[in-house]
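**Student:** One structure, as structure tokens, below. Some questions next.
In this note's numbering, the protein residues as written are 67 to 362.
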């Protein structure tokens, strides 16, 4: 099982859209099924984005799914479909473009904190009104042979972000290519790669605009990001630059996302994708491959 944290140094990186659009390709790469699903959790307690996307598409108030159930339990045996925790999660496989038969191959839960975030982050077995100990969730998902835990982590140093990063095997660092994001991401890598050594950090320049008609050289910008990342991480962690090497320039800006957040894989079933959307899908597929690759 792989634990993945989608993180950004600050808000506005398009982290949630990146996660949402990578999910179906990750499920395909990991061969997720109803019996061995991917569990997705929105850990942004203050500025939930993924929860609202799921709520709009499903008609279910994602934030209320576990609230008020103090006896949810973490039984570690039996049928996953009848489990008191997994059975309550929102299936979103079809929502992101998978066949209806694989709807429950991706399960979603929105974390919330009744009194701060302590129940989300402690190592014990305590939980309160549906709050989740990530350490316990990690254990139970492994026991049920889940393919992955994918965490939409809040930006910065919030408590749930720290815990998300601590249990992750792979950390997707989403960033814009502006100077503030470059410097902020560099500082993050310097600090966190030392604190959480041995993890794989996948750098993803996101919503990268075209530089036609400007004085900017996109290849120089990507080279600068790669150099900063290499210098910042040193030997503390594993650096994956696949999305900005060999002429790649991260995930391009998608015009649709300026107006609404959608799954491009699902959109492709209903219509022919535009050039910018097709280019982005190519990068989502590459990212999913890297996340599923045990040797990357």
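Even glycine gets a Cβ: it sits at the ideal position worked out from N, Cα and C.
Quantities reported herein were computed from a predicted structural model and do not represent experimental measurements.
Would you please state the rounded distance, in angstroms, between the beta carbons of residue 303 and residue 259? I believe it to be under 8 Å.
**Tutor:** About 4 Å separates the beta carbons of residue 303 and residue 259, which is inside the 8 Å limit, making them a contact pair.
**Student:** Whose C-alpha, out of 335, 344 and 284, is nearest the C-alpha of residue 443?
**Tutor:** There is simply no residue 443 to check, as the chain begins at 67 and stops at 362 in what is shown.
**Student:** Closest to residue 257 by CA distance: which of 201, 128 and 295 is it?
**Tutor:** 295
**Student:** Hey, is the region 198-205 in contact with the region 84-91, meaning 3+ C-beta pairs nearer than 8 Å?
**Tutor:** no
**Student:** From which residue to which residue does the beta strand (DSSP E) around residue 271 run?
**Tutor:** Element bounds for residue 271: 266-271.
**Student:** Counting along the chain, where does the beta strand (DSSP E) carrying residue 361 start and finish?
**Tutor:** Looking at the DSSP string, residue 361 is not in any beta strand (DSSP E), and its letter there is neither H nor E.
**Student:** Taking the straight line between their C-alpha atoms, what separation do you get for residue 185 and residue 282?
**Tutor:** Residue placement at residue 185 is poorly supported in this model, since its pLDDT is 48, which falls under 50; the coordinates still yield a value, given next. Residue 185 and residue 282: Cα-Cα distance of roughly 47 Å.
**Student:** Beta-carbon within less than 7 Å of residue 208's beta-carbon, same chain only, minus the 5 sequence neighbours each way: which residues are those?
**Tutor:** 67
**Student:** I'd like the span of the alpha helix (DSSP H) that includes residue 209, first residue to last.
**Tutor:** From DSSP, the alpha helix (DSSP H) with residue 209 extends over 200-209.
**Student:** Leaving out the 5 sequence neighbours to the left and right, which residues in its chain are closer than 8 Å to residue 76 when beta-carbon positions are compared?
**Tutor:** These residues qualify, in order along the chain: 221, 222, 246, 247 and 250.
**Student:** Using alpha carbons as the reference points, say which of 162, 165, 152 and 351 lies closest to residue 176.
**Tutor:** 152
**Student:** For residue 108, which residues does DSSP report across the bridge?
**Tutor:** DSSP lists 176 and 218 as partners of residue 108.
**Student:** Does the separation of the CB atoms of residue 237 and residue 70 fall below 9 Å?
**Tutor:** yes
**Student:** Considering only their Cβ atoms, is the gap separating residue 105 from residue 329 smaller than 9 Å?
**Tutor:** no
**Student:** Residues in its own chain within less than 6 Å of residue 371 by CB, not counting five upstream and five downstream?
**Tutor:** Look at the range of the chain in this structure, 67 to 362, and you will see that residue 371 is not part of it.
**Student:** Using the DSSP secondary-structure output, state which residues sit across from residue 240 in a beta bridge.
**Tutor:** 74 and 270
**Student:** What does a CB cutoff of less than 8 Å around residue 168 pick up in its chain, not counting 5 residues either side in sequence?
**Tutor:** 93, 98, 99, 100, 159 and 160
**Student:** Could you say which of 270, 332 and 252 lies nearest to residue 311 if we only look at CA atoms?
**Tutor:** Closest by C-alpha distance to residue 311, out of 270, 332 and 252, is 270.
**Student:** Provide the residue(s) that pair with residue 304 in DSSP beta bridges, ordered along the chain.
**Tutor:** 266
**Student:** Give the DSSP-derived three-state secondary structure of residue 320 in the structure shown.
**Tutor:** coil
**Student:** Determine, using beta carbons only, whether residue 171 and residue 275 come nearer to each other than 9 Å.
**Tutor:** Contact: no.
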